[in-house]
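For the sequence shown, the UniProt record's numbering assigns the number 1 to the initial residue and increments by one for each residue that follows.
Ideal placement from N, C-alpha and C gives every residue a C-beta, glycine not left out.
Remember, predicted model here, so these are calculated numbers, not experimental data.
Following: one structure in structure tokens, then a few remarks.
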Amino acid sequence: MADYSVILFRRILSSFLVLSLIGAMSTQSWGADSLNVRFSWKLKSEYAPFYVAKEKGYFIDEGLAVKLGEGAGAQAALGSLVQGREDVVVLPGIYAINAIRKGMPLKLIAIYHPVTPMAFASRPENPVRVPKDLINKTIAASVGDTTTEFLKVLCNRNGLNCSALRLVNTDSMSRLPLVISGKADVAGIYYNWDLPMLEARHTEVVTMDLAKYGLAVPGLALVTSDQANATKADALRHFLKALDKAMTESRRDPTEAAELFLKNWAGGLDKSVVAKQIRITMEYVPQSTNHPAGWIDPNVIKTALGILQSGDQIQNMQPLAHYYTNDLFSTAK
1 MADYSVILFR RILSSFLVLS LIGAMSTQSW GADSLNVRFS WKLKSEYAPF YVAKEKGYFI
61 DEGLAVKLGE GAGAQAALGS LVQGREDVVV LPGIYAINAI RKGMPLKLIA IYHPVTPMAF
121 ASRPENPVRV PKDLINKTIA ASVGDTTTEF LKVLCNRNGL NCSALRLVNT DSMSRLPLVI
181 SGKADVAGIY YNWDLPMLEA RHTEVVTMDL AKYGLAVPGL ALVTSDQANA TKADALRHFL
241 KALDKAMTES RRDPTEAAEL FLKNWAGGLD KSVVAKQIRI TMEYVPQSTN HPAGWIDPNV
301 IKTALGILQS GDQIQNMQPL AHYYTNDLFS TAK
């Protein structure tokens with residue numbers, strides 16, 4: 001009888017401890033600040049640090065309940081942001097700047113890639129190494145592709161006649177295959193996405209770095225709405241703090257970052273390819289002892305506005321401070 005009492009006591013104690021733990025976890029969840037974060041595109045390896053922060057508990061440590069979601073283009077993501085369905089959108093910074101100058105009530109709160117790691121790729125037997133080599137070439141292009149979105153700027157800044165370039169419109173997945181198969185001469189690629197996949201397939205291409213020839217447009221960035229900036233400022237501060245830690249960890253160990261990311265990417269690429277994509281992604285994130293990752297240099301905004309102006313996409317420019325804020329990098333409460 002005594003033995004039964006001991007067993008019963010242990011079971012009651014065990015149940016009590018489990019219920020207490022569940023209650024504590026529920027309390028933590030209820031007290032967390034929720035943030036909806038939308039990527040402007042389908043999952044790709046430059047988003048890995050967000051999942052490192054998720055898997056390592058950095059968001060939870062900062063008192064956040066973060067929901068990460070895929071997107072279907074910058075325009076749709078920004079529309080959801082303005083309508084209040086999202087709190088943060090992850091997108092190429094140049095599109096956020098263009099949206100803000102058109103009057104959308106938004107603010108850039110972080111730019112991780114001041115320069116997008118992009119290039120034009122061509123076959124070795126028909127190489128394009130400098131802008132003048134583009135004359136009479138066929139360029140595979142797709143809607144929303146940054147590499148061809150600002151082709152007019154590339155022409156203006158390098159003395160080219162854009163009418164001498166031929167564009168073939170296709171979907172984003174078909175651009176590079178058209179070049180490799182010889183059905184197009186040139187396609188835009190991203191060093192931190194396409195090149196590791198090409199190398200894994202032992203496919204050689206010639207690249208022309210677009211930033212070198214005037215297209216130094218800001219890439220990986222975070223934008224929020226003016227409303228979220230006013231009502232969720234402290235949560236956004238904690239979000240940036242968690243991401244700063246995740247960026248550091250992704251740089252330190254790209255292979256681990258790939259493993260954590262692939263847990264959230266069904267049907268993702270080979271781990272070694274993803275790890276290389278992450279490593280290159282992190283090489284384009286500036287390191288500073290004075291500022292955290294994502295801190296915005298006003299000159300990046302100025303350069304981007306100059307590119308938009310060169311492409312006749314902007315007439316009257318607002319003051320630089322209209323487009324961004326670094327205030328959220330201040331200490332979170």
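Output the boundary residues of the beta strand (DSSP E) element that contains D33. Residue mapping note: residue 33 aligns to position 33 of the sequence shown, counting from 1. Looking at the DSSP string, the run of the beta strand (DSSP E) that includes D33 is 33–39.
Close-in-space but distant-in-sequence residues of the same chain around A187 (CB under 6 Å, 5 per side omitted): For the purposes of this step, residue 187 is identified with residue 187 of the sequence shown, where counting begins at 1. A121, A140, R175, L176, V179, listed in sequence order.
Consult DSSP for K67 and reduce its assignment to one of helix, strand or coil. Residue numbering aside, residue 67 sits at position 67 when the sequence shown is read from its first letter. It is a strand residue.
By Cβ distance, which residues of its chain are closer than 8 Å to M104, with the 5 residues on each side in sequence left out? For the purposes of this step, residue 104 is identified with residue 104 of the sequence shown, where counting begins at 1. Excluding positions up to five away in sequence, the list reads L78, V82.
Indicate the three-state DSSP secondary structure (helix, strand or coil) for K132 in the structure shown. Within the sequence shown, residue 132 is the residue found at index 132, counting from 1. Note: K132 maps to helix in three-state DSSP.
Where DSSP assigns a beta bridge to K276, which residues make up the other side? Position 276 of the sequence shown, counted from the first residue, corresponds to residue 276. For K276, which the question treats as bridged, DSSP gives no partner whatsoever.
For residue 335 and V115, I'd like the C-alpha separation in whole angstroms. The chain is shown from 1 up to 333; residue 335 falls before or after that span and cannot be answered.
Can you look up M282 in the DSSP assignment and give me helix, strand or coil? The residue labelled residue 282 in the question sits at position 282 within the sequence shown. Here M282 sits in helix by DSSP.
Same chain, Cβ closer than 6 Å to E249, neighbours up to 5 away in sequence not counted: Reading the sequence shown from its first residue, position 249 is the one you call residue 249. Excluding positions up to five away in sequence, the list reads V52.
Mapping DSSP to helix, strand and coil, what is K107? By 1-based counting over the sequence shown, the position of residue 107 is 107. Strand, per DSSP.
Alpha carbon of R201 to alpha carbon of S40, nearest angstrom: Taking the sequence shown and counting its residues from 1, one reaches residue 201 at position 201. Taking the sequence shown and counting its residues from 1, one reaches residue 40 at position 40. Looking at the two C-alpha atoms, the distance is approximately 27 Å.
For the beta strand (DSSP E) that D209 lies in, which residues bound it at each end? Taking the sequence shown and counting its residues from 1, the one referred to as residue 209 is at position 209. Here the beta strand (DSSP E) through D209 covers 206–209.
Our contact map puts A321 next to P218 with C-beta atoms below 8 Å; I'd like the distance itself, whole angstroms only. For the purposes of this step, residue 321 is identified with residue 321 of the sequence shown, where counting begins at 1. For the purposes of this step, residue 218 is identified with residue 218 of the sequence shown, where counting begins at 1. Not a contact, Cβ separation roughly 16 Å.
Measuring only the C-alpha atoms, how far is K54 from E62? For the purposes of this step, residue 54 is taken as the residue at position 54 of the sequence shown. For the purposes of this step, residue 62 is taken as the residue at position 62 of the sequence shown. In a straight line, the C-alpha of K54 is about 11 Å away from that of E62.
Going by DSSP, name the residue or residues bridged to P196. Taking the sequence shown and counting its residues from 1, the one referred to as residue 196 is at position 196. According to DSSP, P196 bridges with nothing at all.
Find the nearest neighbour of S330 within the set F239, T207, L198, A184, judged by alpha-carbon distance. Position 330 of the sequence shown, counted from the start, is the residue given in the question as residue 330. The shortest C-alpha separation from S330 is found at F239.
From the DSSP secondary-structure annotation, give me the bridge partner or partners of V89. Counting from one through the sequence shown, the residue named residue 89 turns up at place 89. Paired residues: R38, V223.
With a cut-off of 8 Å, do at least 3 Cβ pairs link the region 183–199 to the region 90–99? no
Considering Cα atoms alone, identify which of E125, R166, K67 is closest to V205. In the sequence shown, the residue the question calls residue 205 occupies position 205. It is E125.
Counting beta carbon pairs with one atom in the region 126–146 and one in the region 286–300, are three or more of them shorter than 8 Å? no
Exposed or buried, D87, counting other C-beta atoms within 10 Å across all chains shown (16 or more means buried)? The residue given as residue 87 occupies position 87 in the sequence shown. When all chains shown are included, D87 counts as buried.
The beta strand (DSSP E) that contains R166, what's its start and end? As a first step, residue 166 is located in the sequence shown; it is residue number 166 there, counting from the start. Note, R166: beta strand (DSSP E), 166–169.
DSSP beta-bridge partners for T138? On the sequence shown, position 138 is the one that residue 138 refers to. DSSP output for T138 lists R166 as bridge partner(s).
Would a C-beta distance cut-off of 8 Å place V274 and L262 closer than the cut-off? For this step, residue 274 is matched to residue 274 along the sequence shown. For this step, residue 262 is matched to residue 262 along the sequence shown. Yes, the Cβ-Cβ distance between V274 and L262 is below 8 Å.
Taking all protein chains shown into account, decide if T231 is buried (16 or more other Cβ within 10 angstroms of its Cβ) or exposed. As a first step, residue 231 must be located in the sequence shown, where it is residue number 231. Per the 10 Å Cβ criterion, exposed.
Proximal residues to I307 (C-beta, below 8 Å), its chain only, five neighbours per side dropped: Within the sequence shown, the letter at position 307 stands for residue 307. Cβ neighbours of I307 beyond the five flanking positions: I94, F150, V153, G214, L215, A216, V217.
If you follow the alpha helix (DSSP H) that V143 is part of, which residue opens it and which one closes it? Counting from 1 along the sequence shown, the entry for residue 143 is found at position 143. For V143, there is no enclosing alpha helix (DSSP H), as DSSP gives it neither H nor E.
On a CA-only basis, which of M317, M282, D327, M173 is nearest Y47? Give me that one, please. Numbered from its first residue, the sequence shown carries residue 47 at position 47. Selected option, being the one with the closest Cα: M282.
Range covered by the alpha helix (DSSP H) that runs through F150: Counting from 1 along the sequence shown, the entry for residue 150 is found at position 150. Where F150 is concerned, there is no enclosing alpha helix (DSSP H), given that its DSSP letter is neither H nor E.
Can you give the Cα-Cα distance for D209 and S80, rounded to whole angstroms? As a first step, residue 209 is located in the sequence shown; it is residue number 209 there, counting from the start. As a first step, residue 80 is located in the sequence shown; it is residue number 80 there, counting from the start. Distance between the alpha carbons of D209 and S80: 33 Å.
On a Cα-Cα basis, can you pick out the residue from A235, L43, V37 that is closest to G267? The residue labelled residue 267 in the question sits at position 267 within the sequence shown. Selected option, being the one with the closest Cα: L43.
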